[in-house]
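Working notes, structure below.
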Amino acid sequence: MLEILDYAFMQRALLAAVLVGITAPAVGIYLVQRRQAIMGDGIGHVALTGVALGFLTGANPVWTAVAVSALGAIAMELIRWYGKTRGDLALAMLFYGGMAGGVLLINLSPTGSNANLTTYLFGSITTVSPEDVVAISLLAAFVVVITLGLRRQLFAVCQDEEFARVTGLPVRTLNLLLAITAAVTVTVAMRVVGLLLVSALMVVPVAAAQQATRGFAMTLALAITIGVVVTLSGTVFSFYKNVPPGASIVVLAIGVFAVITALAAPLAKRRAQRVAEAEERCTVRDDVLV
Numbered sequence: 489m490l491e492i493l494d495y496a497f498m499q500r501a502l503l504a505a506v507l508v509g510i511t512a513p514a515v516g517i518y519l520v521q522r523r524q525a526i527m528g529d530g531i532g533h534v535a536l537t538g539v540a541l542g543f544l545t546g547a548n549p550v551w552t553a554v555a556v557s558a559l560g561a562i563a564m565e566l567i568r569w570y571g572k573t574r575g576d577l578a579l580a581m582l583f584y585g586g587m588a589g590g591v592l593l594i595n596l597s598p599t600g601s602n603a604n605l606t607t608y609l610f611g612s613i614t615t616v617s618p619e620d621v622v623a624i625s626l627l628a629a630f631v632v633v634i635t636l637g638l639r640r641q642l643f644a645v646c647q648d649e650e651f652a653r654v655t656g657l658p659v660r661t662l663n664l665l666l667a668i669t670a671a672v673t674v675t676v677a678m679r680v681v682g683l684l685l686v687s688a689l690m691v692v693p694v695a696a697a698q699q700a701t702r703g704f705a706m707t708l709a710l711a712i713t714i715g716v717v718v719t720l721s722g723t724v725f726s727f728y729k730n731v732p733p734g735a736s737i738v739v740l741a742i743g744v745f746a747v748i749t750a751l752a753a754p755l756a757k758r759r760a761q762r763v764a765e766a767e768e769r770c771t772v773r774d775d776v777l778v
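Sequential numbering of the sequence shown, starting at 489, is according to the numbering used here.
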């Protein structure tokens, strides 16, 4: 099992997997709270244009993807604020425009091809370069600082924007910051999970954690734990079975969700029964006292 650490590319892939496992659920918990779970897909398609732009200009695709996806996320937030276009139409434009732009630019590039995009769409553990590790580490540090350092403010905004505005929080700034952080997370994850599947890693660990925990802090901690476990396990599995890591990671995450849901459902039912029995005893006691 440990022989995979003899390969430099697997060392880089496992490090990237850990960073993805931390950052994706850390951002995803806010998107789930805002009912914007699909946002990662839209940003992922826009990031594809950024990747292709990197091949066209000769720059590192990670950094060009960060720039383009951040601009796309900001545009989507601006459209949502001013209400000129419905949110679902904004997402549709991100989906189709991002995909079309990526395919167009990659074919204009003298060094790129559609095959290059496939590694970014579905992930590829063999293509994580030392430069990618540096970029991913810096971007992951940014995501962790924002999502954990501003967790109270971001939670308040995602829970109730109007209340957060009344309390004096800079709601628009925080919304923009969350959108940019989501865009950065997508680019962090694209080498390991792939742009088409990164949204699942943002959402599924959070959904699984919500089945077993109460409270924001516990849900965040469990979601990150699940994220790290499935990204590492999926990456190792993809190495031995020669399959795309993104598919392995997402299937494992869904499996964890199914197991936790199956275990948590009976516990939740018994908890509800105990609460009902306690309320019934209180009612009987009040009737006797009357």
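Glycine included, every Cβ here is placed at the ideal spot set by N, Cα and C.
Would DSSP call residue 701 helix, strand or coil?
coil
Would residue 518 and residue 635 be called neighbours here (beta carbons separated by less than 9 angstroms)?
yes
Could you pull the start and end residues of the alpha helix (DSSP H) that residue 529 belongs to?
527-545
Considering only residues of the same chain and omitting the five flanking positions on each side of residue 565, which have a CB-CB separation below 7 angstroms?
663, 664, 667
Check whether the Cβ atoms of residue 625 and residue 507 lie closer than 9 angstroms to each other.
yes
If you draw a straight line from the C-alpha of residue 644 to the C-alpha of residue 651, how long is it?
8 angstroms
Determine the closest residue to residue 682 out of 535, 592, 631, 618, with distance taken between C-alpha atoms.
535
Would you identify the three-state DSSP class for residue 612, choosing helix, strand or coil?
coil
Under a Cβ-count criterion, where at least 16 other Cβ atoms within 10 Å of its own Cβ denotes burial, should residue 774 be classed as buried or exposed?
The pLDDT assigned to residue 774 is 49, lower than 50, so where the model puts this residue is not dependable, and the model offers no usable value.
Please classify residue 479 as buried or exposed, where buried requires at least 16 other C-beta atoms within 10 Å of its C-beta.
Only positions 489 to 778 of the chain appear in the structure, and residue 479 is not among them; the question remains open.
Can you name the start and end residues of the alpha helix (DSSP H) that residue 509 belongs to?
496-521
If you run the structure through DSSP and keep just helix, strand and coil, what is residue 595?
helix
Considering only their Cβ atoms, is the gap separating residue 521 from residue 646 smaller than 9 angstroms?
yes
Excluding the 5 residues flanking residue 738 on each side, which residues of the same chain have their C-beta closer than 6 angstroms to its C-beta?
685, 688
First and last residue of the uninterrupted alpha helix (DSSP H) at residue 619
618-637
Give the secondary structure of residue 754 by DSSP, where H, G and I count as helix, E and B as strand, and everything else as coil.
helix
Could you check the C-alpha separation between residue 642 and residue 750 for me, to the nearest Å?
31 angstroms
Apply the 10 Å Cβ neighbour rule to residue 529 and answer buried if 16 or more other Cβ atoms are within range, or exposed otherwise.
buried
I'd like to know whether the C-beta atoms of residue 622 and residue 673 end up nearer to each other than 9 angstroms.
no
For residue 592 and residue 556, I'd like the C-alpha separation in whole angstroms.
15 angstroms
Give the C-beta separation of residue 590 and residue 540 to the nearest angstrom, bearing in mind that I take them to be a contact with Cβ-Cβ under 8 angstroms.
4 angstroms
Give the C-beta separation of residue 561 and residue 671 to the nearest angstrom, bearing in mind that I take them to be a contact with Cβ-Cβ under 8 angstroms.
4 angstroms
For residue 655, the three-state DSSP class (helix, strand or coil):
coil
So which of 581, 526, 585, 659 has the shortest CA-CA distance to residue 537?
585
Measuring alpha carbon to alpha carbon, tell me which residue in 677, 597, 639, 527 is nearest residue 609.
677
Taking 8 angstroms as the limit between beta carbons, can you name the residues of its chain near residue 605, skipping five residues before and five after?
536, 539, 540, 590, 591, 594
Cα-Cα separation between residue 735 and residue 729, rounded to whole angstroms
12 angstroms
With DSSP as the reference, label residue 582 as helix, strand or coil.
helix
Three-way DSSP call (helix, strand, coil) for residue 720 in this model:
helix
If I measure Cβ to Cβ from residue 547 and keep anything under 8 angstroms in the same chain, skipping five residues before and after, which residues do I get?
541
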